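Participant: So the sequence shown is residues 21 to 325, counted in the numbering used here.
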Amino acid sequence: MDIYLAEPRGFCAGVRRAIFMVENALAQYGAPVYVRHEIVHNKHVIADLTAKGAVFIEELDEADSRRPVIFSAHGISQKVEEEAAARGLTTIDATCPLVEKVHREVRRFQDENIEIIVIGKQNHPEIIGTVGQVSPERKVHIIYTLEEARKLDIPSEARVGFVTQTTLSIDDTQEIIAYLKQRFPHICGLPKADICYATTNRQTAVKELIKSTPNIVILGSKNSSNSRHLKETALKNGAQRAWLVDDWRELDWAEIDGLDSLGISAGASAPEYLVEELLAELARRYDNINKHRVIIAEESVNFKL
């Protein structure tokens, strides 16, 4: 069986930074440390950090006020920041710097009285944090599809600004942005869509995998937006089969038996050891495994703590 490995894959700089911040807090303060929301959306990462003493919560009143609280990589609203300060909590902000860039842009739109359009999934933690950067009385238009964009109740001559969730489908988002630019001549936004470098690279790498094999395995959790979009990217670009699984144990091996090739990638929140475990299981089950690297970019991004 020929195995094609997408590069880059797995952890991005923002995820590495967020996980390090939890581990560093545990080393500095001891267990437990509290983390508001899953630090990143991956079942194995959460289990690993829980075993080390992290406690994952959804609301600040679940935390022991004597212990530090870490904000997840997805970002938080200003209301949550204010609540933490009012409770006197020691906080550590693991928000991805690329998400912070989106927050700054939304606040600028508010300051300049620009109509705000946010492209993203309404109830995703990142979108909740982004929308929460502006005052509650300020209208924010959240759209996820081209159809929703067409239904926007904004005059075409209005001053409009847009930002996007960082983990969306590149192709779908570019289609929405193209429509917005055609409809609103005075629209503004960052020079590039806010979809992060890692999301872009991983989706591009999956498209490249499909040139070598129609069978794609994505390692990642179902609640991970970027992992789900990797599977969608595969299916939209010619893959005959695509699986999104947390690890090799979730695969239906009867579907793998008989294949002569397989492509493998991993979402930005999936640890590399999941790829290594899958490769070990493939080698155990099948003879003549030949591995090939499919490289579309070299990543050297690191974020300061």
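Ideal Cβ placement from N, Cα and C applies to all residues, glycine included. Just so we're clear, the structure is a prediction, and the values are computed from it rather than from any experiment.
Hey, would you say G287 sits closer than 8 Å to I238, going by beta carbons?
Facilitator: Cβ distance < 8 Å, so G287 and I238 count as in contact.
Participant: Using the Cβ count rule (16 or more neighbours within 10 Å means buried), how would you classify W273?
Facilitator: Exposed is the call here.
Participant: Is G283 closer than 8 Å to S232 when the C-beta atoms are compared?
Facilitator: For S232 and G283, yes; Cβs fall inside 8 Å.
Participant: I'd like the list of long-range same chain contacts for D84, defined as Cβ closer than 8 Å, with 5 residues on each side in sequence excluded.
Facilitator: Contacts found: P52 and Y54.
Participant: On the three-state DSSP scale, how would you describe Y24?
Facilitator: Note: Y24 maps to strand in three-state DSSP.
Participant: In three-state terms, what does DSSP make of S285?
Facilitator: DSSP places S285 in strand when its eight states are reduced to three.
Participant: Count the C-beta pairs between the region 180 to 192 and the region 133 to 152 that are closer than 8 Å, then say yes if the count reaches three, no if not.
Facilitator: Short answer: they touch.
Participant: How many Å lie between G2 and R127 at the Cα?
Facilitator: Shown here, the chain extends from 21 to 325; a query on residue 2 therefore has no answer.
Participant: Just to confirm, is the Cβ distance from I112 to M41 under 8 Å?
Facilitator: In contact: I112 and M41 (Cβ atoms closer than 8 Å).
Participant: Alpha helix (DSSP H) containing T219: first to last residue?
Facilitator: Looking at the DSSP string, the run of the alpha helix (DSSP H) that includes T219 is Y217 to L229.
Participant: For A262, which residues in the same chain have their Cβ closer than 6 Å to its Cβ, ignoring the five residues on either side in sequence?
Facilitator: Cβ within range, chain order: I236, K251, A254 and L255.
Participant: Looking only at its chain, what residues have a beta carbon closer than 6 Å to the beta carbon of H57, apart from the 5 residues adjacent to it on each side?
Facilitator: Here the set comprises S92 and P145.
Participant: According to DSSP, simplified to helix, strand and coil, what is E120?
Facilitator: In this structure, E120 counts as helix in the three-state DSSP scheme.
Participant: How is the beta strand (DSSP E) around A74 delimited, first residue to last?
Facilitator: Residues A74 to I77.
Participant: Within the continuous beta strand (DSSP E) that includes H161, where are the two ends?
Facilitator: Counting along the chain, the beta strand (DSSP E) containing H161 begins and ends at V160 to I163.
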